[in-house]
Amino acid sequence: MSFEDDKSRWTDAAHRILNLQQSSSDGNIQHKLQRLYWDELNSLDYATSIVENEEDALHVLSKCCTLVDSSGNDDFIVTKFCQLIVNLFAKQKVTVNQETLDGLVNFLVNCIKTCKKWTLLSILRALGTTLYENGSLCEQFGDSLLGKDGVLVRLCRDGSQDTDILCSTVQCVANVCMRSSNGLCMEDQFITSAFKLLLDLLQASSPKLCGTEIEHFRVSIKSLSTQFLRALPHVLVLGCSGQNQHLGPLLAALKNFMFCGMPGYKPVYTEKRHKKLEDKSGIEPDDLSSVHLNTIPQRDRTYSILSKKKKRRPNNKKSKQTTAPSTPKQITVGSSAMDALTPTFAACNLSYSVPKEPACKENQSAVIKSTDKKVLFGYWSSFVPDNTVSSSWSLFTTILKDPTPKGRAGGVAVLMDLLDGSRQFLVAAEDREQHSSSPSERPFTSFSVKLSGIVHELHRCLLQALMAETSATTKAQILKCLSLLVLNSPYSRLKEGLLSKVARQLRPLLAVKDPNLQTAVLSCLRMVVCVHTPLQEVVEIMRPTTAEISAGNRGTSQPNSSTSDSTNGNSSAEMNVDLQVPPESSWLIHWCVHAINRRENSLVVRLEALQFLGSFVKSYVFLVSSSVVECLRNLACLCLKDDDIAFTICAMKLLEEIARAMYAEFSNTQTGRKSISKDQILQFWLKLLDGPLIGMIQEGSSVSAPSCSAAVDCLSNVGAVIFNELPVHKRILCITLLLGLSNDEDKNVKASSIRALGVFVLYPCLRDDVLFVADTANAVLTAMTDAKIMVRMKAAWSLANVSDSLVTNMICEDSAFMEDFSDMLLLKLLNTSIEAADDNEKVKSNAVRALGNFLRYTRTSSLDKAGFMEAVEKAVQALVRNVGSGLMKVRWNACYAIGNVFRNPFLPIGTAAWTVEIYSGLENVICDCKNFKVRINAVIPLSVPPERRYYGDVPLYCHVYATLIDALIGTENVTEFCEFRYRDTLRQQLCNSLCHMTQLMTAEDAVSLDTVLKENHDTYKGYIRDYIRQLDTQGRLLKSNRTRRQQVKNYPLFRGLAGECMRSWSLAAAP
5 MSFEDDKSRW
15 TDAAHRILNL
25 QQSSSDGNIQ
35 HKLQRLYWDE
45 LNSLDYATSI
55 VENEEDALHV
65 LSKCCTLVDS
75 SGNDDFIVTK
85 FCQLIVNLFA
95 KQKVTVNQET
105 LDGLVNFLVN
115 CIKTCKKWTL
125 LSILRALGTT
135 LYENGSLCEQ
145 FGDSLLGKDG
155 VLVRLCRDGS
165 QDTDILCSTV
175 QCVANVCMRS
185 SNGLCMEDQF
195 ITSAFKLLLD
205 LLQASSPKLC
215 GTEIEHFRVS
225 IKSLSTQFLR
235 ALPHVLVLGC
245 SGQNQHLGPL
255 LAALKNFMFC
265 GMPGYKPVYT
275 EKRHKKLEDK
285 SGIEPDDLSS
295 VHLNTIPQRD
305 RTYSILSKKK
315 KRRPNNKKSK
325 QTTAPSTPKQ
335 ITVGSSAMDA
345 LTPTFAACNL
355 SYSVPKEPAC
365 KENQSAVIKS
375 TDKKVLFGYW
385 SSFVPDNTVS
395 SSWSLFTTIL
405 KDPTPKGRAG
415 GVAVLMDLLD
425 GSRQFLVAAE
435 DREQHSSSPS
445 ERPFTSFSVK
455 LSGIVHELHR
465 CLLQALMAET
475 SATTKAQILK
485 CLSLLVLNSP
495 YSRLKEGLLS
505 KVARQLRPLL
515 AVKDPNLQTA
525 VLSCLRMVVC
535 VHTPLQEVVE
545 IMRPTTAEIS
555 AGNRGTSQPN
565 SSTSDSTNGN
575 SSAEMNVDLQ
585 VPPESSWLIH
595 WCVHAINRRE
605 NSLVVRLEAL
615 QFLGSFVKSY
625 VFLVSSSVVE
635 CLRNLACLCL
645 KDDDIAFTIC
655 AMKLLEEIAR
665 AMYAEFSNTQ
675 TGRKSISKDQ
685 ILQFWLKLLD
695 GPLIGMIQEG
705 SSVSAPSCSA
715 AVDCLSNVGA
725 VIFNELPVHK
735 RILCITLLLG
745 LSNDEDKNVK
755 ASSIRALGVF
765 VLYPCLRDDV
775 LFVADTANAV
785 LTAMTDAKIM
795 VRMKAAWSLA
805 NVSDSLVTNM
815 ICEDSAFMED
825 FSDMLLLKLL
835 NTSIEAADDN
845 EKVKSNAVRA
855 LGNFLRYTRT
865 SSLDKAGFME
875 AVEKAVQALV
885 RNVGSGLMKV
895 RWNACYAIGN
905 VFRNPFLPIG
915 TAAWTVEIYS
925 GLENVICDCK
935 NFKVRINAVI
945 PLSVPPERRY
955 YGDVPLYCHV
965 YATLIDALIG
975 TENVTEFCEF
985 RYRDTLRQQL
995 CNSLCHMTQL
1005 MTAEDAVSLD
1015 TVLKENHDTY
1025 KGYIRDYIRQ
1035 LDTQGRLLKS
1045 NRTRRQQVKN
1055 YPLFRGLAGE
1065 CMRSWSLAAA
1075 P
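If you read the sequence shown in the working numbering, its first letter stands for residue 5, the second for the next number, and so on.
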């Protein structure tokens, strides 16, 4: 039958049903007609689109809800109607409206309550299809479905239900919990009910219903548990309120299903537990205060694979296995999975583990992603071993012993979810200085030592899995997991050797011809040189003397030209046959240079090699000699000629990292190293400016906008000292190019150019150049009107830098600059900053910084001109708005900007109407803001005004003073634990501001503050005594540090202020 025939048949049958009338006189005829219509509709081919008008389909469904009896009198018609519902929703993808949904759900719920058991499966399938992604529209049916007496809850609690009905019920629970297309979901109480329901089902799965555990695995778990595990993520992703309270039982249940069927594992079910222990039927969070030590050695897939390489008699191992009893309890955890499987367990494992394990891993990932990292960390010891002799079942049991690559990869994926963001916890790990005693002789195991054991075991097991893995895809996944582990491990607190083992294991893999594996290896090595720099162990690994890390690598390929060209001697594949790597370079630099230099290599490998070189130079530039820098510069310049845009951008990033790292090393005087000289950096830039860099900038966005943008970013890292040493014509060329590109059509080029100008405007040799500063300011003003948020972000940052340069010239008393700089341009900058202070949050942070600097720079001659006083008032109001709301960074900068306002003696602070607004804004933050860092920054400006007049009249001064006292007393009430570390700093700053204001206090102020002083005299004196003690302690510390001389000079001043404040308070409080 043709497709068009099905369409017409559907339309005709739908119209006939819509015309049916429910009548009691001719009930038999009506039932016969309905059955005929149902049979006709269900016989159509719904695999193709036959429903043209969805409204008609919804009308048919609504009509059927009134025609079909849901009281259980005609179950055959109910099943036929349910089949039609599935066909329309699941196959024809008809979108249901609220009215039809309400009618269908009400009808199906009534059917479940009244119809016979043999119809339940059809009804539940129709209900699951109806509820799919419509949970938020079924709020009124929440109690009927998931309430205490809900139909779905009763079906799940009924232990006599068969597996198919239970699976369909679980599917309904999952579907009703799914988010709708609009992102909404059911209320939390119903989501929590669904979570507890599924958790109870997972915990209560018992083999007693099937007779034997093997039958339970084969029949029940293969279908039922898989359905549970597939349904659970839909609930977990919503983050119900009861998840954390039941996290232990949930993880225990998932652990059961992950390891069931593996030799030696006995799942634990709720029914088997004693009644007194039912409340602890799960994994308890570990306090990490004790270690379970066992003496059973482990063997894993590594042992099995290595043993296969040895020439043994084939029946040697099997004979031992056949003579020993094959009970599950006697099969050790460490035995090889494939060798230790008995025929019965092997059949069970192969029958259910394949569909079950991916769902179980998916659930574990969902639990990890939806649970707070701090809460989840308490359960780590249940899934990650902490010592080499532990026989507990962990994720590595799956990673090392699972017979399928997909199962092993799933275990690695779960471990990656655990490791992601774990540095905040693993940073507490620390090795003992001496391990002379055996584990059994240790009196106790500290928290830090147990964490270090976890870190060591993670390294050991991942490296074992890497060596044993035969699947290239899974091996790449293990390498990614190892990269994540390296990124989060606190190697500076651990004994040396871990990174050496990683490097020793990874180096032979560089000789593998698989580009994906090579890329993963390079990425992992890049993490080694990126994290926690600099480490002496990494220095030793990367030194040229470590051509062979161990004797085990002497048979592997060397990362040099002879190795790379061993398979192909055609030198035409080289980008430059004359490029020579200096012999003093690191072995890995040697390998990367030759890998990049061969065009026949995979692009992903060459890109990753470029990124590694950039990371290595960034972290360990002091290991790179001048000849190696020259080699890398030549290599990067050659790569700039490549046709691939991504490759040229990566090469430019390498040049940028070299330039930045060299200048940072040259400017760093604390390390005492003299590895980089000024002349070396100057020669690097002279050759770079004579090379392709300037050509790419001159081309602009006409050829390649991304490459031009990257070239401009590279140029911005030249540094003030080196830029001053460049020939004049080179400096003029750089400035001219940047000013020209600031009007480029491409947003990336424009943003990079504006940012580079913002860097250059702070250079001492350009900062006092009025023409350059004015040109930069005009370019920034133009960019601030751009529609692209990225351009405005960069422009706002440069605008703040322009303001910094003006303030610096003012502090340096450069009168010539201040006279020549245009007041009208200053007014434009001020008005632009005011507008930017109401822009996007990412623009505001720099806009308020610029406002403070411009207000500090404004002179009396400028204020007398038209428009300035109005602009000053608007600027102050903008600062007050940003102090009170917005992101934390915006509020900090706004507080700092108000401090700059107080530093300008020419502004009418204290007499202007906006003075009250400033102090009121600061007071509100000091009293009400929950973030102590913001409160600290709000207190700091109050210690800036040098004269009493800045604080306004007596009532305003007294109100500010009283607010500071109340805030000081209020520091006792800390509700957030994370704010404790900032409380002492806040108290010290409050005391500092109070001492400063007390020094400026007049007799009239003291009279007005009489009540406040007497009420808080004793309390305040206690805080001031603590403040003086802190100053004495800090003074001793500062005297021992020569780099903080200015703070040493300020210490006597603060100490004197505190003493004077004590005397003033004593006099004021005297009767």
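Every residue, glycine too, gets a C-beta built ideally from N, C-alpha and C. In this text the structure is predicted, and so the values were computed from the model without any measurement.
Inter-residue spacing [alpha-carbon to alpha-carbon] between residue i and residue j
i, j, result
"Gly888", "Leu990", "18 Å"
"Lys505", "Met788", "52 Å"
"Ala413", "Leu466", "12 Å"
"Leu514", "Ser398", "30 Å"
"Ser809", "Ser619", "32 Å"
"Leu156", "Glu58", "29 Å"
"Ile838", "Leu803", "12 Å"
"Asn908", "Arg895", "21 Å"
"Asp694", "Ala417", "48 Å"
"Asp60", "Met797", "53 Å"
"Thr402", "Ala524", "22 Å"
"Ala18", "Ser12", "10 Å"
"Leu254", "Leu526", "38 Å"
"Val597", "Pro949", "59 Å"
"Leu201", "Gln207", "10 Å"
"Ile195", "Asn179", "11 Å"
"Pro731", "Lys893", "40 Å"
"Asp283", "Ala198", "Because the pLDDT of Asp283 is 44, which lies under 50, any placement of that residue in the model is unreliable, and the question is left without a value."
"Tyr1024", "Asn904", "29 Å"
Unbroken alpha helix (DSSP H) run spanning residue i, endpoints
i, result
"Ser164", "Neither: Ser164 is in no alpha helix (DSSP H) and is coded neither H nor E."
"Pro710", "709-719"
"Ile116", "102-118"
"Gln801", "In the sequence as displayed, the identity of residue 801 is Trp instead of Gln. Its alpha helix (DSSP H) spans residues 793-815."
"Thr133", "124-135"
"Val777", "774-787"
"Asp988", "984-1003"
"Asp421", "409-423"
"Ala256", "251-263"
Residue of the options minimising C-alpha distance to residue i
i, options, result
"Leu65", "Arg20, Asn77, Ala51, Ser53", "Arg20"
"Arg530", "Pro710, Phe93, Tyr624, Asn782", "Tyr624"
"Pro696", "Cys712, Val732, Lys517, Val628", "Cys712"
"Asp648", "Pro710, Ser589, Ile698", "Pro710"
"Ala760", "Ser720, Pro768, Ala791", "Ser720"
"Lys846", "Lys95, Val100, Ser493, Val795", "Val795"
"Leu124", "Thr173, Leu539, Leu960, His598", "Thr173"
"Ser386", "Asp421, Ile372, Lys259", "Lys259"
"Glu137", "Asn186, His963, Arg427, Gln249", "Asn186"
"Leu611", "Leu642, Ile902, Ile653, Gly699", "Ile653"
"Arg735", "Cys769, Glu703, Gly762, Gln702", "Cys769"
The ligand MG heavy atom lying under 7 Å from the CB of residue i
i, result
"Ile89", "Ligands in the displayed structure: none, and consequently the ligand MG is not present."
Any C-beta of chain B under 8 Å from that of residue i
i, result
"Cys718", "Although the question refers to chain B, the structure presented lacks it and comprises just one protein chain."
Legend entry - Within the stretch 622-664, ranges of the alpha helix (DSSP H) (whole runs, at least 4 residues): Taken in chain order, the whole alpha helix (DSSP H) runs of length 4 or more contained in the stretch 622-664 are 630-643.
Inset, instruction - Could you name each continuous alpha helix (DSSP H) segment of 4 residues or more that falls completely within the stretch 859-934, going from the start of the chain to the end? - result: Here the runs fully enclosed are 864-867, 872-888, 892-906, 919-932.
Inset, instruction - Answer yes if the stretch 85-95 comes into contact with the stretch 132-143, meaning at least three C-beta pairs across the two stretches below 8 Å, and no otherwise. - result: Yes, since at least three Cβ pairs between the stretch 132-143 and the stretch 85-95 fall closer than 8 Å, the two stretches touch.
Inset, instruction - Examine the Cβ distances between the stretch 531-551 and the stretch 617-635 and report whether three or more of them are shorter than 8 Å. - result: Three or more pairs of CB atoms, one per stretch, sit closer than 8 Å, so the stretch 531-551 contacts the stretch 617-635.
Inset, instruction - Decide yes or no for the touch test of the stretch 743-754 against the stretch 719-734: beta carbon pairs closer than 8 Å, at least 3 of them. - result: With a cut-off of 8 Å, the stretch 719-734 and the stretch 743-754 do not count as touching, because too few Cβ pairs lie within range.
Inset, instruction - Evaluate the contact criterion for the stretch 473-487 versus the stretch 453-460: three or more CB pairs, one atom per stretch, below 8 Å. - result: In this structure the stretch 473-487 does not touch the stretch 453-460; the number of beta carbon pairs closer than 8 Å is below three.
Legend entry - Stretch-stretch touch, CB-based, cutoff 8 Å, three pairs: the stretch 941-960 with the stretch 997-1012: The stretch 941-960 vs the stretch 997-1012: in contact.
Legend entry - Continuous alpha helix (DSSP H) assignments of at least 4 residues falling wholly in the stretch 476-510: 476-492, 502-510, all fully within the stretch 476-510.
Inset, instruction - Flag this pair as touching only if the stretch 866-873 and the stretch 922-941 have three or more C-beta atom pairs under 8 Å; answer yes or no. - result: When Cβ pairs closer than 8 Å are counted between the two stretches, the stretch 866-873 is seen not to touch the stretch 922-941, the count staying below three.
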